[in-house]
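Positions 144 to 452 (this note's numbering) are the ones given, in order, by the sequence shown. Structure, as structure tokens:
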Amino acid sequence: MKGFKTGFEALGHDVSFVDVRELNAPKYFDYVLSYDYGYMVNESAFSITKKILSINPKASLIHYFADNPSLNYAHSGQFYLKEKFYEFCRQYKNNIKLVFWDKKFLNDFKDLKSFYFPICVECDIYKDYNLEEKYDITFLGRPLGDKRQKIISVIIKNFPNKLKIFSYQKHFENSIDGMKRFLNESEIETYKNCYCGFVQSQEELSKIYNSSKINLNINLQGDNSLNYRTFEVLASKGFLLCDKRSDIKSLGLESIVVQFENEEDLINKISHYLSCKNERNQIRARARKLVCEHYDISARAGEILNTVE
144 MKGFKTGFEA
154 LGHDVSFVDV
164 RELNAPKYFD
174 YVLSYDYGYM
184 VNESAFSITK
194 KILSINPKAS
204 LIHYFADNPS
214 LNYAHSGQFY
224 LKEKFYEFCR
234 QYKNNIKLVF
244 WDKKFLNDFK
254 DLKSFYFPIC
264 VECDIYKDYN
274 LEEKYDITFL
284 GRPLGDKRQK
294 IISVIIKNFP
304 NKLKIFSYQK
314 HFENSIDGMK
324 RFLNESEIET
334 YKNCYCGFVQ
344 SQEELSKIYN
354 SSKINLNINL
364 QGDNSLNYRT
374 FEVLASKGFL
384 LCDKRSDIKS
394 LGLESIVVQF
404 ENEEDLINKI
414 SHYLSCKNER
424 NQIRARARKL
434 VCEHYDISAR
444 AGEILNTVE
């Protein structure tokens with residue numbers, strides 16, 4: 144959201160960057176941009192948003208979903224928020240503009256205006272720190288779900304002691320039972336030793352990406368497009384190994400994202416790129432340059448307004 148603010152200001156917009164629940168005296172706004180369910184988490188948020196609309200009945204309320212709108216992991220399991228949000232959208236359907244990172248979700252809220260806008264990233268935060276590569280393979284995120292756990296188990300079996308996992312401690316602890324379906328007792332101990340803790344800041348994240356030989360990304364949400372982690376890694380001048388996604392080609396990222404198709408391909412590509420530093424570095428350099436040119440949030444802020452109008 145800070146990246147969008149910077150971009151809007153560069154375009155000459157007067158921007159208020161505030162939690163709408165703390166906006167005690169709403170004023171005239173042309174646009175209100177929210178990330179995911181953002182300000183729709185309590186009654187005061189709904190009330191203040193209605194006051195904004197009373198001042199400018201034509202204001203556009205833009206909700207940018209950069210995750211799964213089903214809220215499977217969001218807001219501590221408060222699944223009622225989706226229906227609550229939908230009711231609000233139906234009430235103000237002429238004002239609501241829903242924007243999704245993957246075309247799969249365009250029909251999640253029927254009869255509402257929905258648009259596709261791929262992920263972009265703050266290239267001033269995620270950047271090249273010029274660090275030595277101290278990690279062989281890193282995975283940042285929830286090590287949960289069959290898809291992720293099966294892929295991680297393949298790495299544990301074939302590259303023991305080379306994988307480092309950064310996630311919420313609770314998510315990692317919850318993953319151990321699931322991993323027992325894929326790993327024997329000895330391998331489970333190896334898996335437990337992969338855990339490196341939770342990363343507190345975006346700067347820390349970027350430094351991990353920048354100092355990893357291989358950053359592993361396993362998309363769970365959406366059908367074809369690429370999650371935020373993809374662009375964080377690339378902007379950080381990190382080498383990315385990703386599960387196959389069809390939008391990699393349409394987004395122009397084929398030359399900078401290495402994809403794997405199956406377990407055998409995963410093993411072969413990890414083996415190859417761990418031993419080919421020059422090739423990794425060439426790809427890393429292209430990645431940072433391309434993402435900064437085409438997927439920087441500040442540079443693309445105006446495009447989200449053009450998309451919904």
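Even glycine gets a Cβ: it sits at the ideal position worked out from N, Cα and C.
Spatial neighbours of residue i in its chain, beta-carbon cut-off 6 Å, leaving aside the 5 residues before and after
i	result
R423	F382, Y416
I239	L204, C232, L255
S389	N367
Q345	I268
V175	L204
C385	N360, V400, Q402
Residue i burial status per 10 Å Cβ neighbour count (16 or more: buried)
i	result
S318	buried
R233	exposed
I361	buried
G146	buried
S349	buried
L154	exposed
K380	buried
Q292	buried
C419	exposed
Close Cβ partners of residue i (< 7 Å) along its chain, the five nearest in sequence each way excluded
i	result
V158	K148, F151, E152
I474	Since the first residue of the chain shown is 144 and the last is 452, residue 474 is not available in this structure.
K277	S354
F243	F208, L249, S257, Y259
E406	V297
Presumed contact (8 Å Cβ cut-off) between residue i and residue j, rounded CB distance
i	j	result
L369	I391	7 Å
V434	F374	6 Å
F258	V376	Their Cβ separation, rounded to whole angstroms, is 26 Å, which puts F258 and V376 out of contact at 8 Å.
H156	S177	About 16 Å separates the two Cβ atoms, so there is no contact after all.
K387	Q402	5 Å
D279	I357	7 Å
Residue j beta carbon less than 8 Å from that of residue i
i	j	result
A209	D179	yes
F309	T281	yes
L204	Y235	yes
F260	I447	yes
K270	A378	yes
I426	F302	no
L409	I294	yes
L196	A188	no
V161	I191	no
I399	R372	no
D366	K247	yes
K227	I198	no
Cβ-based neighbour list, residue i, same chain, cut-off 8 Å, excluding 5 preceding and 5 following
i	result
F341	F309, S310, Y311, Q312
F252	P212, Y229, C232, L241
L287	H314, N317, S318, G321
For this session: Give a yes or no on contact between the stretch 259 to 269 and the stretch 439 to 446, applying the rule of three or more CB pairs nearer than 8 Å.
Result: yes
For this session: Decide if the stretch 314 to 330 is in contact with the stretch 351 to 367; the criterion is three or more beta carbon pairs, one per stretch, under 8 Å apart.
Result: no
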